[in-house]
Amino acid sequence: MPRSLRLDVDVEVGPGERLALVGSNGAGKTSVLRLLAGLDRAAPGSSVTSGRTVLVGDGVHVRADERRLPMTFAEPRLFPTMTVLDNLVFGAARSGRSQAATTRLRALAALDTLGLGHLVGRRAGELSSGQSAVLAVLRTVLAPAVGVLLDEPFSSLDTEVAADARSAVHGWLDQLPVPLVLATHSVLDVMALATHVAVLDDGVLVQHGTVDEVARRPTSRFAASFVGLDLFAGHSHGTEVLVDGTFPGPASARSDRAVAATRPPAGPWTVRLSSSTPADGPVWVAVAPRATTLHASRPADGPRNIWETTVAAVEQLGAAVRVTCAAPLPLRVDVAAATAIRLGARPGATVWGQIDPSSLEVYPA
Amino acid sequence: MPRSLRLDVDVEVGPGERLALVGSNGAGKTSVLRLLAGLDRAAPGSSVTSGRTVLVGDGVHVRADERRLPMTFAEPRLFPTMTVLDNLVFGAARSGRSQAATTRLRALAALDTLGLGHLVGRRAGELSSGQSAVLAVLRTVLAPAVGVLLDEPFSSLDTEVAADARSAVHGWLDQLPVPLVLATHSVLDVMALATHVAVLDDGVLVQHGTVDEVARRPTSRFAASFVGLDLFAGHSHGTEVLVDGTFPGPASARSDRAVAATRPPAGPWTVRLSSSTPADGPVWVAVAPRATTLHASRPADGPRNIWETTVAAVEQLGAAVRVTCAAPLPLRVDVAAATAIRLGARPGATVWGQIDPSSLEVYPA
Amino acid sequence: MPAWLWLPAGTAVVVLVLPLVVLLARTPWPDAITLLSSSTVRDAFALSLWTATTATAVSALLGVPLAWWLGTGTSRGQGLVRLLVTIPLVLPPVVGGAALLFTYGRGAPVGSLVWNLAGVTVPFTTAAVVIAQVFVAMPFLVVSLEGAFRARGVLLEEAALTLGGDPWTVFRRVTLPGLRPALLGGIALCWARAVGEFGATITFAGSIRSVTQTLPVAIDELLGHDLDAAMVASSLMIGLAVVVLV
Amino acid sequence: MPAWLWLPAGTAVVVLVLPLVVLLARTPWPDAITLLSSSTVRDAFALSLWTATTATAVSALLGVPLAWWLGTGTSRGQGLVRLLVTIPLVLPPVVGGAALLFTYGRGAPVGSLVWNLAGVTVPFTTAAVVIAQVFVAMPFLVVSLEGAFRARGVLLEEAALTLGGDPWTVFRRVTLPGLRPALLGGIALCWARAVGEFGATITFAGSIRSVTQTLPVAIDELLGHDLDAAMVASSLMIGLAVVVLV
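Printed below as a string of structure tokens:
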């Protein structure tokens, strides 16, 4: 898909550091990796650097096969006509006999650890999709490299197979002596494989930090929705936070856009916290779906942090149902389907929301 | 896929009643509908009846086109070479001129209500998938019928398109003068379109009741997981319930099987309720994923209903993460991804679980 | 693609395209009208058009039901029948012509039956031309339609049945319209193959002016004594081929 | 399928299968060995085998790079080239033969060039047989391989490049092995078409015993004076066709 996207990304990844690129479809994750790998060319006048090497820019172009940036793709792309072992040592073939022999031994050891030793002479075309995905990463990790690129390596796998693949790959990465860049849609990939996160929006880097920082205090709409939080702009004063009903940041995550379409205009709303916020002024307020409880009628607990609303949309997440509220706050609340049925939570139904202020994260914008 | 499945289903569906057939893949939902519609033949010796008509059995066979049981399939199956209107009145063609004219008027009125009046002369092949799905149901509803069959009519649609389709169809069904049978995987379909639920497991009817009854008190593992609850067998005595760590019922839902594989053997565990259970004796205990809170360290609230456990598996549900606990109870807890990251909830990690006894549903087994 | 592979790739294009270009360039276009109206070319052209059209019509009438059975049925023996009816696709046409001659010739089993019943001989008649064309061209129609039947499956037909459509209505209003593109494609292919038929025709029907001398047969003969007419007739057939392809 | 459609479907099968069955049934099998070793059939068979094999080899050498370019390149003009090289697929072989004659004949542009440079004439030689076979058979190889190239895309090649494989290694170890099934299929098709070639051969190369008389050409001639030998040779070619199909 030839597509023109202006990229503006500048991130440093140290040896042993593992950076997850996250962002909605079309945000530029794969484009960044393909440019780094040398599979696509940047537009004239732009520059792509890796370490101290200018890969493209000012007329310099290093061929993909000379960059030492092996890449794993969303499909395993094992060579189906070669044996598993030949696949794994393919990258070392150019580096001379002794390097090839060492790689061969490392490959055999890794296969044994995975319990796949019996597959060593099997043609790669005969493997299951889970085995292929794991071995594709292994092939990439075994190739001579100044950095390793993974592009959604487990996105084509079933939930459980992906979980196994992730835990198999987890161990190798701890010993990887070079930087790793991983593009992913899956928060489980980030939890299992990454140390840092870079959030891309429409080709632009909008947040960069450790996994914990980004999960705790997302500063963009996509990052918040990636870690499962609703994010609102607000203004804090003592124990009160005036929350604006609008999402901050550019609209790009697909599901958010859908919600926006069905959401009536929302007014500001005041949350009373149990303790003071760190500083008065503009803040972000991050709300977990479990912070809000829905009731079919007004609960008896008192007037604080309780409001009447209508259901704007319902969505199924596995066996849970995600209810999106209308005014005053377009909060998303996850409940068991059984609960949704009991609440009669169809679009347009009236429900009562109650928020637990202690589970809000409030931090300076 | 010619497959041999022994079906044992006997359900009465009254006029205006709308029955949702639910069950895991291969439970026989589609088989039941196709047998009713006359598209597949039952094995010799068995019988399929609809109302007072013996459709198949004892040598009687009524041809599919003479049964008046129009069916919608998982794919819209509109006739791409005909216009939208010709598709909608196809079923009435055999019933004489006046019937056809009436159907034509009803079709035009329904298209106008949907805001699709301008599509009336368009070829059906040019419609979007959402429009096709809605019109396929409309075509079925408009055909002369003694009953209407819908087989996962929205399963191929995106979340938001399916929501629109569901609300469009919702209105027609309230005026449907004949019984409706709907096979579905989606709890949102059940919420929006059904009055009753029949739970199939491996071809056998295991529970039948109103939507509310089944959602509140599921009695099979699949039904519980369909409405998003964990179900355990237990024994109640006063305010104490001794909960067995095993799932009851046959293992058929796919995700349950996966959990079973990674779950260590679990011992019995006692929950202390705030009030007495209705009756002493064997009970089911249904637990919503929100009933349990996970903590990274032991919470201070006291010793009741708190236990230390390890994470058996994590699974992504949209932007939420479903954490499955190990012993003593294989509970599934949904948390925001941000929370899972903060907890470090990787497989094998230690967490503390705390259950809210007031949100358990305990009922006689 | 490595640069040196351009050499063979380019050669391949030249080998395939050059003869056509040279033929079109050398054709005496100013005399084309005169040459086309010469009785040999004109008769052959007319004969080609109507035999090919007749053969295509026969192929469609017989081939569509066969393709339907092959594409949707689940009977045993289907695999064998499919193999047998596709043999003419890869069989040299001359051999096909020989087989027809050994079958429909005067001394042959079917031929003598026809002679006894109707008092006619089949070979070296216009009917023989049509039979030869049906034999070599119908498999194209059957194979391409069978794929279309198979790809469609019976999904729409099932829906139409539950809505109350009787089988004949369903075939006429649902199955046939859905097959239109494949049917047109198959007919074009079949017609092109029929109109270009030479080997089976010359073997089974010979080269009798106005009776069995179709355009390809005439070109073969004209090459011996009237190169200009042969060129014009050949260019005409290239034109037909391009029209069928596009 | 409504019952009355069985009539045309059955007729179609009879029309296509009966001639082959009759031919095989009437073939004088006891004399087959003698007839096969008669010098006409033997010479023609040998000539057919080695010209078809040579033509297939040439087609593969020239056609694989062309198919690669058509299947993976993104240049403009690709559509036109694809159309041009598939014309021989639907062109009547006789017309192809005529085009070759007008191109490589003694008085023709390329023919006179060859005569001036090398002092040889092309038509009515064994070389002409091979050229005619390449012309009609290579498009089959190109078309089937092009589809395979297109279906494969460059996914594996990209992975191999990032792993450090240089372009030639990637072609040799990744691209070529992946194409094997399609290549073998294309070669079989190409060979079958070459071995059955008749129209272009008889027009461009004639029917000279041991020089240009391939098996199909010989069958055409034998039908005139030795039916038994023609039958045996025809049965032989049916056998070849079935082998290629299976």
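Residue numbers (my numbering), protein chains in the order written: chain A, 299 to 663; chain B, 299 to 663; chain C, 1120 to 1365; chain D, 1120 to 1365.
Glycine is no exception: its CB is placed at the ideal position from the N, C-alpha and C atoms.
CB contact below 8 Å: residue i versus chain D
i: S1353/C; result: yes
i: E310/A; result: no
i: P451/A; result: no
i: G1315/C; result: yes
Chain B within 8 Å of residue i, Cβ atoms only
i: A1279/C; result: yes
Where residue i meets chain B, residues with beta-carbon distance less than 8 Å
i: Q614/A; result: T457, S484, V485, L486
i: L1101/C; result: It is not possible to answer for residue 1101/C, since the shown part of chain C is limited to 1120 through 1365.
i: V525/A; result: A617, A634, A635, A636, I639
Contact under 8 Å by Cβ, residue i with residue j
i: V649/B; j: L592/B; result: yes
i: T1322/C; j: A1217/C; result: yes
i: V382/A; j: V439/A; result: no
i: A1324/C; j: F1243/C; result: yes
i: A513/A; j: A617/B; result: no
i: G1192/C; j: E1265/C; result: no
i: T1222/D; j: G1230/D; result: yes
i: V495/A; j: V633/A; result: no
Neighbour list for residue i in chain D, Cβ cutoff strictly below 7 Å
i: G389/A; result: L1282, G1283
i: P1127/C; result: L1180, L1181, P1184
i: V1213/C; result: F1317, P1335, I1338, D1339
Proximal chain B residues relative to residue i, where beta-carbon distance stays under 7 Å
i: P1296/C; result: T379
i: V1091/C; result: Residue 1091/C lies beyond the stretch modelled for chain C, which goes from 1120 to 1365, so this question has no answer here.
Chain A residues whose Cβ lies nearer than 9 Å to that of residue i
i: L1275/D; result: R375, L376, F377, P378
Exposure of residue i, with buried meaning 16 or more beta-carbon neighbours within 10 Å
i: A466/A; result: buried
i: D499/A; result: buried
i: G1297/C; result: buried
i: N1235/C; result: exposed
i: E450/A; result: buried
i: V1362/C; result: exposed
i: G1226/D; result: exposed
i: D554/A; result: Here the model assigns D554/A a pLDDT of 38, short of 50, so the residue's position is not dependable and the matter cannot be decided.
i: A559/A; result: In this prediction, A559/A has a pLDDT of 34, which is less than 50 and means its spatial position is unreliable; what the coordinates show is noted afterwards. Label assigned to A559/A: exposed.
i: E424/A; result: exposed
i: V660/B; result: buried
i: G646/A; result: exposed
i: E364/A; result: exposed
i: P662/A; result: exposed
Contact set between residue i and chain D, taken where Cβ atoms lie within less than 8 Å
i: L337/A; result: E1277, L1280, T1281
Short CB-CB distance (under 8 Å) between residue i and chain A
i: T637/B; result: yes
i: P662/B; result: no
i: D510/B; result: yes
i: S465/B; result: yes
i: R514/B; result: yes
Below-8 Å beta-carbon distance, residue i vs any chain C residue
i: V1306/D; result: Reading off the sequence, residue 1306/D comes out as Ile, not Val. Closer than 8 Å: no.
i: F1221/D; result: yes
Under 9 Å from the C-beta of residue i: neighbouring residues of chain D
i: F1254/C; result: V1134, L1135, P1138
Under 7 Å from the C-beta of residue i: neighbouring residues of chain A
i: R366/B; result: Going along chain A, no residue has its Cβ under 7 Å from R366/B, so there is no contact; the nearest lies around 31 Å.
Neighbour list for residue i in chain C, Cβ cutoff strictly below 9 Å
i: R395/B; result: The premise fails here: R395/B is roughly 15 Å from chain C at the closest Cβ pair, so nothing lies under 9 Å.
**Request:** Indicate whether the contact test is met: 3 or more Cβ pairs, each with one atom in the region 413-430 of chain B and one in the region 459-479 of chain B, closer than 8 Å.
**Result:** yes
**Prompt:** Going along the region 1126-1147 of chain C in order, which residues come within less than 7 Å of chain G, judged by CB to CB distance?
**Reply:** Absent from the structure is chain G; the protein chains it does hold are A, B, C and D.
**Prompt:** Is the region 1145-1159 of chain D in contact with the region 1329-1347 of chain D, if contact means three or more CB pairs nearer than 8 Å?
**Reply:** yes
**Message:** Across the region 339-352 of chain B and the region 508-524 of chain B, are there enough close Cβ pairs to call them in contact, namely three or more that are closer than 8 Å?
**Reply:** no
**Item:** Contact the region 1131-1149 of chain C vs the region 1290-1308 of chain C: 3+ CB pairs below 8 Å
**Value:** no
**the region 1266-1278 of chain C in contact with the region 1143-1155 of chain C per 3-pair CB rule at 8 Å** = no
**Message:** Contact between the region 1164-1182 of chain D and the region 1250-1266 of chain D is defined here as three or more beta-carbon pairs at a separation below 8 Å; is this criterion met?
**Reply:** yes
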